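S.K.: Chains as they are written, first to last, in the working numbering: chain A, 3 to 192; chain B, 3 to 192.
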DNA sequence: GCCGGAACGCAATGATGTTGCTTTAAGGTG
DNA sequence: CACCTTAAAGCAACATCATTGCGTTCCGGC
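Pasting the structure below:
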């Protein structure tokens with residue numbers, strides 16, 4: 003079911019997977035999405051199309067797979083010494099990444115080829131993990147911090163909604179505004 | 003660019019469009035999404051595939067088109083005599099519709115075949131329109147009501163985010179909670 | 001160093017996507 | 001009301017892509 007069963011993590015399987023992922027990245031960068039087709043990717047990766055179909059099912063699942071890997075945060079959120087500063091910086095960064103044309107494309111891909119929703123869930127988990135880190139750091143400092151769910155609802159969700167459903171441009175001020183809302187909202191215990 | 007140019011609204015064009023849309027609905031109901039292919043739809047609609055490709059570009063754009071039409075609200079939100087009741091009822095209804103398997107499928111389709119984001123924008127506009135109606139009604143009654151944007155950020159966005167990115171089931175209580183948040187949040191003027 | 005099984009390559013087949021050319025009919029005009 | 005223009009649909013050929021059976025290779029374990 004999972005696109006990357008990797009029943010055999012070592013050796014050829016791993017090489018093929020890496021080659022295919024690299025081929026997707028390269029082709030996309032060089033020729034754009036329109037040229038992203040399974041045979042083209044296979045040729046570029048030095049692999050036969052049937053291999054790709056067998057391992058990933060179809061193009062969308064493969065793209066979803068690659069997109070999720072690209073959406074994985076590479077570093078923990080930067081530490082600015084205070085909750086508000088940390089959250090603001092992270093929200094701005096997140097918005098910047100996700101609202102950019104390539105970012106939007108990755109998010110869409112991740113959602114697209116995802117029969118069971120596990121890839122989309124992974125994306126959400128990445129964001130939640132980053133937020134979690136920030137909040138834990140705040141608690142360590144002795145600050146009061148809202149629960150993760152609240153930040154997801156009040157900061158992450160609105161940004162994602164606008165990215166996906168609205169063509170309008172998004173600004174850093176909007177991210178700031180959302181963080182402000184999350185930090186000043188009443189702490190219901192629900 | 004738009005999937006439905008309709009430069010000639012009357013006569014054959016309209017009949018073809020309706021026939022194709024109907025074919026999509028029927029085939030989906032009868033044989034499931036897997037069997038939804040352009041040639042099959044064309045055959046069912048009594049049309050040649052090239053007609054569909056020329057008018058809609060590809061299968062995804064056609065499905066997106068159909069999905070948006072299905073997501074259009076058919077009635078104004080029901081009137082319960084008070085803002086809180088109206089918003090709660092609408093949010094529950096919205097969540098119910100969108101979180102159901104067919105609802106999720108429509109939303110995904112709408113997002114999917116949508117190069118310029120106009121279809122997704124339409125979906126958002128539908129929801130905003132419904133909210134707008136509710137808020138205007140409240141103002142007419144003399145109630146104080148939050149701006150539309152606030153309701154979109156605090157109620158609609160979190161629901162959509164969870165629908166799209168999280169596999170977990172969603173409850174009516176969650177919708178209630180979001181409405182509560184939106185109505186009790188401090189009224190910043192920003 | 002041998003064995004079992006999973007993954008890959010190859011190649012053929014069927015289905016789908018795409019396009020030039022022709023034909024029909026909608027909508028405007030005299 | 002007949003004619004003319006032109007968008008849209010039909011037809012048909014072609015290119016490309018998706019799918020599958022079978023043989024081969026190579027990983028992983030004994």
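For every residue, glycine included, the Cβ atom is placed at its ideal position computed from N, Cα and C.
Predicted, not measured: the structure shown is a model, and the values here were computed from it.
Only counting the same chain, and skipping five residues up and downstream in sequence, which positions put a Cβ closer than 7 Å to that of residue 94 of chain A?
M.R.: If we look at residue 94 of chain A and ignore the five residues flanking it on each side, its Cβ neighbours are 174, 177.
S.K.: Once the 5 residues before and after residue 45 of chain B are set aside, which same chain residues still bring their CB inside 6 Å of it?
M.R.: none
S.K.: Following the continuous alpha helix (DSSP H) through residue 152 of chain A, name the residue where it begins and the one where it ends.
M.R.: 150 to 153
S.K.: Anything in chain A within Cβ reach of residue 126 of chain B, meaning under 7 Å, just list it in chain order.
M.R.: 167, 168
S.K.: Please confirm whether residue 160 of chain A has its beta-carbon closer than 8 Å to some beta-carbon of chain B.
M.R.: Closer than 8 Å: yes.
S.K.: For residue 90 of chain A, decide whether its Cβ has a neighbour in chain B, counting only Cβ atoms nearer than 8 Å.
M.R.: no
S.K.: Does any CB atom of chain A fall closer than 8 Å to the CB of residue 3 of chain B?
M.R.: Only weak support is given to the placement of residue 3 of chain B: the predicted model assigns it a pLDDT of 38, under 50, and the value that follows is read from those uncertain coordinates. False, the Cβ-Cβ gap to chain A never drops below 8 Å.
S.K.: Drop a sphere of 10 angstroms on the beta-carbon of residue 183 of chain B, count the other beta-carbons inside from all chains shown, and report buried for 16 or more, exposed for fewer.
M.R.: buried
S.K.: Given a limit of 8 Å on CB to CB distance, which residues of the stretch 101 to 121 of chain B reach chain A?
M.R.: So the list reads 110, 113, 114, 118, 119, 120, given in the order they occur along the chain.
S.K.: List, in chain order, every chain B residue whose beta-carbon is nearer than 8 Å to that of residue 187 of chain A.
M.R.: 183, 187, 188
S.K.: Going by the beta-carbon positions, is the gap between residue 109 of chain A and residue 130 of chain A smaller than 8 Å?
M.R.: no
S.K.: Within its chain, find whatever has a CB closer than 8 Å to the CB of residue 153 of chain B; leave out the 5 residues flanking it on each side and keep chain order.
M.R.: 89, 133, 137, 184
S.K.: Could you tell me whether the Cβ atoms of residue 180 of chain B and residue 161 of chain B are closer together than 8 Å?
M.R.: yes
S.K.: Which full runs of the alpha helix (DSSP H) of 4+ residues lie inside the stretch 88 to 137 of chain A, going along the chain?
M.R.: 103 to 114
S.K.: With burial defined as no fewer than 16 other Cβ atoms inside 10 Å of the residue's Cβ, what is the status of residue 36 of chain B: buried or exposed?
M.R.: exposed
S.K.: Count the other CB atoms, across all protein chains shown, that sit within 10 Å of the CB of residue 63 of chain A; report buried if there are 16 or more and exposed otherwise.
M.R.: buried
S.K.: Run down chain B in chain order and give the residues with a C-beta less than 7 Å from the C-beta of residue 123 of chain A.
M.R.: 167, 168, 169
S.K.: With a cut-off of 8 Å, does the C-beta of residue 55 of chain A fall near any C-beta of chain B?
M.R.: no
S.K.: Does residue 155 of chain B get closer than 8 Å to chain A when you measure Cβ to Cβ?
M.R.: yes
S.K.: Whole angstroms is fine: what's the gap from residue 66 of chain B's alpha carbon to residue 114 of chain B's?
M.R.: 7 Å
S.K.: What residue from B:100, B:106, B:83 has the CA that sits closest to residue 143 of chain B's CA?
M.R.: B:83
S.K.: Is residue 66 of chain A helix, strand or coil by DSSP?
M.R.: helix
S.K.: Do residue 125 of chain A and residue 68 of chain A have their CB atoms nearer than 8 Å?
M.R.: no
S.K.: Between the beta-carbon of residue 47 of chain A and the beta-carbon of residue 159 of chain B, is there less than 8 Å?
M.R.: no
S.K.: Within its chain, find whatever has a CB closer than 8 Å to the CB of residue 50 of chain B; leave out the 5 residues flanking it on each side and keep chain order.
M.R.: 44
S.K.: When the Cα atoms are used, what is the spatial distance from residue 105 of chain B to residue 24 of chain B?
M.R.: 18 Å
S.K.: Residue 54 of chain A to residue 72 of chain B, Cα distance in whole Å?
M.R.: 35 Å
S.K.: Whole angstroms is fine: what's the gap from residue 20 of chain A's alpha carbon to residue 98 of chain B's?
M.R.: 41 Å
S.K.: For residue 186 of chain A, does the count of other Cβ atoms within 10 angstroms reach 16, so buried, or fall short, so exposed?
M.R.: exposed
S.K.: According to DSSP, is residue 170 of chain B helix, strand or coil?
M.R.: coil
S.K.: Taking the straight line between their C-alpha atoms, what separation do you get for residue 5 of chain A and residue 111 of chain A?
M.R.: Because residue 5 of chain A carries a pLDDT of 42, less than 50, the predicted location of this residue cannot be relied on, and the following value inherits that uncertainty. For residue 5 of chain A and residue 111 of chain A, the distance between alpha carbons rounds to 14 Å.
S.K.: Could you tell me the distance, in whole angstroms, from the CA atom of residue 168 of chain A to the CA atom of residue 122 of chain B?
M.R.: 7 Å
S.K.: Select from A:119, A:118, A:78, A:155 the residue whose C-alpha is nearest the C-alpha of residue 135 of chain A.
M.R.: A:78
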